[in-house]
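Sequential numbering from 144 applies to the sequence shown in our numbering. Here the structure comes first, spelled out in structure tokens, and everything after it is commentary.
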Amino acid sequence: MTDVNQLFENPLSYHIDWCIHKPCLAWSQDWCAMPWLDIIYTPDHLFKSSVETADGVQSYEAKNGEALLLPPGMKRKLETHASETRGISIHYSVFSGIDLMSFYHLPLHISPPHSEDIRVCIEALAQLTTTDNVIDISLLAKRNQLVYTLLNTLLEISIIRPDAEKRLLALRRLKGVLEYIEGNLDKKISIATLASICCLSPHRFGNLFKEIMGCPPHQYLLKIRLQKAMQLLSTSNTPVCDIAKRLGFFDQPHFTRLFKTTTGLTPTNYRKKIEHILFKKVN
């Protein structure tokens with residue numbers, strides 16, 4: 144077994160934000176960013192997406208059994224007519240929340256037969272998530288099977304980044320730091336504290352962190368806090384002021400300003416988009 148395979152034995156996990164299979168009204172979504180990977184399959188009507196990438200804005204269309212992938216953190220906009228929609232918002236992570244898909248180049252448009260495999264997984268997962276909230280080991284096993292079958296399909300159509308293996312192996316040096324960050328988002332976290340976990344000076348730690356994670360520690364902290372905020376806004380009724388406090392922001396205006404700069408929406412409008420625009424159900 145390779146070192147990389149050993150790394151994946153324990154840290155690999157997932158979180159499903161939403162999963163649907165139902166009729167939807169025509170809707171459009173202005174430019175905004177979402178925290179997790181969104182996948183939309185359409186058996187009939189046209190879906191249009193535009194995604195802001197490092198190479199500029201890329202636009203795609205999906206219909207008649209095709210699917211769209213919307214990577215986490217990237218600003219996107221969507222438009223569709225009324226349709227029978229299948230969709231899922233999911234986060235595969237390693238090492239206390241590191242996005243697994245960040246190690247891959249993902250296609251933004253998927254055609255059959257892979258889109259058909261995605262449809263099967265989404266429909267089955269949507270059915271499982273609507274069952275009564277009763278502990279059932281067989282249902283948990285089925286859910287895990289479907290989630291990792293979906294992951295396998297995504298990896299089959301994605302291209303691993305050239306530096307992926309090097310980054311994964313290097314992440315072991317930051318495991319304690321990432322776990323500390325995950326458990327202390329409500330507190331002020333200093334670079335000196337993080338550096339001490341690695342037994343490094345703040346300067347050496349900052350250089351190491353940026354080399355492995357691709358951004359300085361303070362930018363990573365902000366990114367994780369905003370991702371957690373997006374999750375809370377879309378899955379709970381927690382007041383915005385409480386979210387700001389729970390995630391270590393100075394105050395609610397500070398949180399709102401940073402959130403809007405990143406996503407294009409205020410926290411309140413972001414929550415409304417999730418609740419009232421994204422996938423409105425046909426009566």
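Backbone N, C-alpha and C fix where the C-beta goes; we use that ideal spot for every residue, glycine too. The structure presented is a predicted model; accordingly, all values stated were derived computationally and were not measured.
Exercise. Considering only residues of the same chain and omitting the five flanking positions on each side of G208, which have a CB-CB separation below 7 Å?
Worked result: P186, P255, S258, E259
For this session: Sort K206, N327, T378 by Cα distance to H188 and report the nearest one.
Result: K206
For this session: Report back the beta-carbon spacing between H234 and H164 to the nearest angstrom; my notes put them in contact at under 8 Å.
Result: 20 Å between Cβ atoms; not a contact.
Problem set entry | Distance between L212 and K423 (C-alpha atoms, nearest Å) | For K423, the predicted structure reports a pLDDT of 43, less than 50, and the residue's modelled location is therefore unreliable. The matter cannot be settled from this model.
For this session: Consult DSSP for D279 and reduce its assignment to one of helix, strand or coil.
Result: coil
Problem set entry | Inter-stretch contact at 8 Å, needing at least 3 Cβ pairs: the region 278-292 / the region 338-356 | no
Problem set entry | CB contact flag (Y247, I302, <8 Å) | yes
For this session: State the Cα-Cα distance for the pair T223 and Q172, rounded to the nearest angstrom.
Result: 9 Å
Exercise. Apart from the five residues just before and just after I367, which ones in its own chain have a Cβ nearer than 8 Å to its Cβ?
Worked result: G240, I324, E325, L328
Problem set entry | Secondary structure of F393, DSSP reduced to three states | coil
Exercise. Since S236 and S156 are thought to touch, with beta carbons under 8 Å apart, how far apart are those beta carbons, to the nearest angstrom?
Worked result: 6 Å
Problem set entry | Where I261 falls, given that 16 or more other Cβ within 10 Å makes a residue buried | buried
Problem set entry | Boundaries (first-last residue) of the beta strand (DSSP E) holding R315 | Unbroken run through R315: none, as it is neither H nor E.
Problem set entry | Element boundaries [alpha helix (DSSP H), containing R219] | Careful: R219 lies outside any alpha helix (DSSP H), inside the beta strand (DSSP E) at 218-223.
Problem set entry | L312 versus E227 - alpha carbon distance | 42 Å
For this session: Following the continuous beta strand (DSSP E) through A210, name the residue where it begins and the one where it ends.
Result: 209-213
Problem set entry | Anticipated Cβ contact below 8 Å, T405 with A176, distance rounded | 6 Å
Exercise. Straight-line CA distance for C358 to F352?
Worked result: 7 Å
Problem set entry | Residues near N426 by beta carbon distance below 8 Å, same chain, minus five either side | Legend: pLDDT at N426 = 32, less than 50; position of this residue unreliable, value from coordinates given subsequently. Excluding positions up to five away in sequence, the list is empty.
Problem set entry | Residue range of the beta strand (DSSP E) that includes S192 | 190-196
For this session: Whole angstroms is fine: what's the gap from A269's alpha carbon to T411's?
Result: 27 Å
Exercise. Hey, would you say L375 sits closer than 8 Å to T381, going by beta carbons?
Worked result: yes
Problem set entry | Enclosing beta strand (DSSP E) for T185 [first to last residue] | 180-185
Problem set entry | Cβ shell of E354 (< 8 Å), same chain only, five flanking positions each side left out | A313
Problem set entry | C-alpha distance - W179 paired with P215, whole-angstrom precision | 4 Å
Exercise. Any idea what DSSP makes of S245, helix, strand or coil?
Worked result: helix
For this session: Spatial neighbours of C373 within its chain, please: CB distance less than 6 Å, with the 5 preceding and 5 following residues excluded, ordered by chain position.
Result: Per the sequence shown, residue 373 should be read as Met rather than Cys. Hits under 6 Å: P178.
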